[in-house]
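In our numbering, the protein residues as written are 1 to 1109. Backbone N, C-alpha and C define an ideal beta-carbon position, used for all residues, glycine too.
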């Protein structure tokens, strides 16, 4: 027979058959690498599934990243999908390897299978690196016009990811794509576009105005979660464009007088009549006004408006902010299209649709939201609490709305405590004369519930019913008194019962405030039972009632002094809460006493104050001291007579203060926590505070006709620089993004910025020219305007084919030219300061110091290699021998160059240094082929047969070499590289400030001209110190203003060492000569990844402040 353990194992094996559960069994599977390198797709798929299973268990498998990325070009859909998932998970951790697969993603965007195109776009957008954001934006624009609905939906979902990179230069292009997707015919695409709209530009309502009617018509067909967002967007647009509905609950904002007398408009004559007509069924008009104002201004702003005694909307302009929900076509369409959604299977959709009808529908039609909301109470336990929170607000404003449906709010024994509390409050709110008896019968059962906290809430609900229905107040008080009678609690009060007792007395106290005279017997009953009640809080409230109503009727004035004398004798043993109220009650009795009773009350108060003077609680002592000073005129020996005869302010002020503190002049605050109202269906309405992201309704009629016209023009026509975004480049914005665009790969560049003093040949061609020569140079910004038109019309259909764009761009650049002055900045070799980095510190190298800097000289071994000058210095007192630098993987490289390592950096072994004497320094030139890798190259330094691991950090600025060309050749080549081969970033530049400031202090008349020259020299030296480039030209506009450096343009050229592809760099300056400048860097290069990485590097070192020696 099988044992129980064996049977359990067998059952588990049977359940796992046919599943991938076995993938989780062996976390240390050594066959994954072999499977990834297999020739069969089934093996690769098995390995990728194992890796994803390990990721799901929280293990780090990023070391497999190179092997996984290698399979991204697989033809198998299953393998490709799994590779995309893996790359997406580790892209931010391994950015350099992820960038190597960008070209594969771009190629997959043109695949015939729409799933592949969607996967590629989703992966590119999920990588979220600043360097590829222009490429992702172009890809999203292309996929937004894809014939496949699924691809277009993925394009809409990718827009928030691009926007999260916080590149404001992409904003206009993203908004334009949202407009395209909102105009889509597919409901799935429209729902995703609405989500992108709400996340990116929720206040750009003119974008909705173009397609408002079509969006309303397509609303019922949109997916459920898209419907929720789209309903909110359409509601905000209607209010901002057409205003509020004067037949809805928002009519409470209408003025109380007609504006016809002031404006002469006949349409306003019946405002007051309409308002009064639809206030039928609304008991608290002030509460309705508060709800309406909270919807518009937000709760916090509304409360501040109340404090300032002002209104959310001035009354002289209110009438123009209202429209008719019966005559306005836009409002009618919205209400008609949201009506079917009231019966949606999604609870959130029902709440959103109900919110629209609650705010915009006529009051006589609001009742259609009742049955859908009540149906939600039966359909889902999870949504019951949220629905009840919203029903609670609806019931407070219009109690008659849910009054016929009290049975739906009866308590179920399985309900959670929070749900029970909400149902009790709703029942007490909607209770009317016809249903109050049925509700009280339910409450009688609830009071006996084992959960005494719920029983206490029921007692509170009884008190609320009595406050809202004064005709049943006497019955409620009688029922509450039975809960505190000694007969029903002859065992005393336990902790749970104390909660019910306290709440019962609290409810009685609230009922007494409405009409104390009619409840004299209840007050007498409480006073008589004071001795039997030992709960401190309950006892304190009874003492407060006795002191507050000590002058009502004929019996209470006689009972209270006797009770006070009894309490005075037991004062030392009373709880602190009761002591507070004894002091207050004694003061109130003294103020209301006359004749013989005054002396008795004075003696009682004096005795209590004397006892309190020596109480152990410091708060009791302080209160007694304040009361003695406040009532000093009453406690004097001659009593009231002295007070009446006194004429000085020292006596009058305490009397007035005492009457205001203990009299009836103080009014309690009516503001409670539960009276915080937010939009229906919002999270804020559940938590009673403005949750992050909450926005109130827009200001009515704030969207004018001029705003709509600007919106219809489109973002591409209103902003000149949007063409840069459309073509895959970025606009010239502030310097903030020079730091935010730094990725993990470019952070290593900051540590390896190098320079060289020998780059004189790059500038010699300009030294023989005159200082200023006039030329016609095209504006770079205007060159890209035509590219924008091409991208929006046809270039997206043939993404990689830019032939048409090149020809049109060339013709366009010839037509528009502006005069500019070409400047010769002279020899800048003296300003180029080499930057040296430490490869090995003598502290860790036993006295051996090794430094390196990148050389401007070409490699003598191969033109594709980078030359690095390395300096060896012996800082110790002992000689050193056998110094040599080798690659860590040199042995494996010597055995054979495998396919997997053909693109890894190659280090050429250096010549060995046989001996290095103390204090001696020797220079060696090493040669490295980085293959565009930006990660540090791990090397091994051998000295005296000892091994020292070191790292050589690459600098992409030296992966290129100078390309000699003139300005005409530069302009022609630049016009051939538009669109996705053009990238722009902006940063701040401050290197010139110190030199310009010192030059300005000299008082030279030519300081203005020198300032321009200093800026150009500073920029050129900074560029040439950190990158191996050729300075083509320096141009300045002829119409430049005094001290305005805007328009200065420096052009550099180079070509990539590995493939000789040209790389063109333009630096445009904006700003005042004596202030921080904004430098816009533009790169034109066919190698997209290389160009973006180089652009990042240039922006980083330009933004770095100059080091002062």
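- The Cβ atoms of residue 356 and residue 205 do not sit closer than 7 Å to each other.
- Around the beta carbon of residue 58, fewer than 16 other beta carbons lie within 10 angstroms, which makes this residue exposed.
- Within its own chain, the residues whose Cβ lies closer than 6 Å to the Cβ of residue 1098, once the five positions on either side in sequence are excluded, are 1081, listed in chain order.
- The three-state reading of DSSP puts residue 211 in coil, since its state is none of H, G, I, E or B.
- In the three-state scheme derived from DSSP, where H, G and I count as helix and E and B as strand, residue 915 is classed as strand.
- C-alpha of residue 991 to C-alpha of residue 1026: approximately 14 Å in a straight line.
- Contact between residue 68 and residue 83 holds: their C-beta atoms lie close to 6 Å from each other, under 8 Å.
- Distance between residue 401 and residue 407, taken at the CA atoms: about 14 Å.
- Apart from sequence neighbours up to five positions away, the residues of its chain that approach residue 551 with a beta-carbon distance below 8 Å are 557 and 592, ordered along the chain.
- Going by beta carbons, residue 576 and residue 538 fall outside the 7 Å limit.
- Contact fails between the stretch 978-989 and the stretch 1047-1058, because fewer than three Cβ pairs, one in each stretch, are under 8 Å apart.
- Under DSSP, residue 873 forms a beta bridge with 849 and 921.
- Between residue 195 and residue 232 a beta carbon distance of about 11 Å is seen, past the 8 Å cut, so the two are scored as non-contacting.
- Judged by DSSP in its simplified three-state form, residue 1084 adopts strand.
- Uninterrupted alpha helix (DSSP H) stretches at least 4 residues long and entirely within the stretch 95-154 occur at 95-100, 102-108, 114-127 and 133-143, given in chain order.
- Setting aside the 5 residues that flank it on each side, residue 1068 is surrounded in the same chain by 1049 and 1080, each with a C-beta closer than 6 Å to its C-beta; the list follows chain order.
- DSSP places residue 602 in the helix class (H, G or I) of the three-state scheme.
- In the DSSP assignment, residue 884 forms a beta bridge with 942.
- Look at residue 997 here: in three-state DSSP terms it is helix.
- Boundaries cannot be given for residue 978, as no alpha helix (DSSP H) includes it and DSSP labels it neither H nor E.
- Comparing C-alpha distances from residue 631 to each of 216, 583 and 965 shows the shortest one belongs to 583.
- Inter-residue distance for residue 523 and residue 503 is about 16 Å (C-alpha atoms, whole angstroms).
- Assigned with DSSP and collapsed to three states, residue 458 falls in helix.
- For secondary structure counted as the alpha helix (DSSP H) over 4 or more consecutive residues, the stretch 177-229 holds these complete runs in sequence order: 187-200, 206-209 and 212-218.
- Contact check for residue 1045 and residue 1024: beta-carbon distance about 19 Å, past the 8 Å limit, so the pair fails to qualify.
- Annotated three-state conformation of residue 615 is coil, per DSSP.
- Taking the C-beta atoms as reference points, residue 853 is found no nearer than 7 Å to residue 875.
- Residues of the same chain with a CB within less than 8 Å of the CB of residue 175, apart from the 5 flanking positions on each side, are 200, 201, 204, 207 and 715 in chain order.
- Separation of residue 628 and residue 588 (C-alpha to C-alpha, rounded to the nearest whole angstrom) is 13 Å.
- Taken through DSSP and simplified to helix, strand or coil, residue 1072 comes out as strand.
- In the structure shown, the three-state DSSP call for residue 1078 is strand.
- Using a 10 angstroms sphere on the CB of residue 413, the tally of other CB atoms stays under 16, which defines it as exposed.
- Distance between residue 501 and residue 525, taken at the CA atoms: about 15 Å.
- Per DSSP, residue 1033 is one residue of the beta strand (DSSP E) stretching across 1030-1037.
- For residue 629, the three-state secondary structure derived from DSSP is helix.
- Where residue 1049 is concerned, the enclosing beta strand (DSSP E) starts and stops at 1049-1056.
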